[in-house]
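*Asks:* Encoded as structure tokens, here's the structure I'll be asking about.
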Amino acid sequence: MNTNGHMSYKNFIFPVNPSVIRIVHSRTVSQQKIPFAQSKVSDLGEKARIISGEGEFFGPGCLDTFTRLQIVFHSQGGGMLYLPSQKPVFALFESLELIGEDVGNIIKYSFRFVESFDKQTDELVTRCIADGNHSLWDYSYLYGIDIETLVRINKDIYRPDMLISHGKKVFLA
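All the letters of the sequence shown, read from the start, carry residue numbers 1 to 173 under my numbering.
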């Protein structure tokens with residue numbers, strides 16, 4: 001998806017990136033207390049990442065923009081979440097909050113996404129279909145993958161600075 005560095009989810013592209021984006025990585029840790037001995041701590045694995053943040057829509061159409069985001073929120077199922085300088089993630093839109101009032105063509109909002117470990121995500125983030133507007137350098141930036149890796153796994157793309165033709169598969173991992 002061509003987002004020009006803007007955050008996007010499903011078919012909604014944020015006109016201005018949120019001012020705050022938080023990505024929380026966490027683990028499930030179990031602690032068992034053993035009588036007359038030290039506790040035993042076990043790592044039960046990673047939890048789904050939580051992506052949250054805050055931002056503003058501004059200008060005469062800011063209420064319409066927020067309304068479009070609400071429609072995406074109310075649509076069922078997960079979708080691809082593209083973040084600036086991060087690999088895309090398949091996620092569920094957990095919450096959307098309007099903060100304050102529509103004052104002077106400014107709407108403040110907050111959001112929260114939860115990463116989904118759905119099996120289809122592996123395929124979605126290991127390759128993409130070129131839109132004709134990006135080079136390997138662009139995909140390196142958009143997905144946070146070093147250019148050497150992209151050149152190595154896309155041997156049929158000879159120049160990383162050239163635009164990749166529309167419809168061509170670009171391998172990301």
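All C-beta atoms in this analysis are idealised placements derived from N, C-alpha and C, irrespective of residue type, glycine included.
Please read all numbers here as calculations on a predicted model, not as lab measurements.
1. Can you list, in chain order, the residues of its chain with a C-beta nearer than 7 Å to that of Leu96? Leave out the 5 residues immediately preceding and following it.
2. Rounded to a whole number of angstroms, what is the C-alpha to C-alpha distance between Gly167 and Cys128?
3. Which value, in whole angstroms, describes the spacing of the CA atoms of Gln32 and Ser42?
4. Hey, Pro160 and Val151: beta-carbon distance below 8 Å or not?
5. Only counting runs of 4 or more residues, tell me where the alpha helix (DSSP H) segments fall wholly within the stretch 14–92, in order along the chain.
6. Could you check if Ser19 belongs to the surroundings of the ligand GDP, using beta carbon to heavy atom distance under 7 Å?
7. Drop a sphere of 10 angstroms on the beta-carbon of Val29, count the other beta-carbons inside from all chains shown, and report buried for 16 or more, exposed for fewer.
8. Which residues bound the beta strand (DSSP E) around Ile145?
9. Considering only C-alpha positions, which residue in the set Thr126, Ser19, Ala48, Cys62 is nearest to Ser26?
10. Considering only the beta carbon of each residue, do Phe58 and Phe66 sit closer than 8 Å?
11. Give me whichever residues DSSP pairs with Lys169 in a beta bridge.
12. Does Gly79 pass the burial test, meaning 16 or more other C-beta atoms within 10 Å, or should it be called exposed?
13. Between Pro18 and Gly61, is the Cβ-Cβ spacing less than 8 Å?
*Replies:* Straight from the coordinates:
1. Leu69, Gln70, Phe73, Tyr109, Phe111
2. 9 Å
3. 8 Å
4. yes
5. 62–74
6. What this structure holds is no ligand at all, so the ligand GDP is not there to describe.
7. exposed
8. Here Ile145 belongs to no beta strand (DSSP E), and DSSP marks it neither H nor E.
9. Ala48
10. no
11. Ile129
12. buried
13. no
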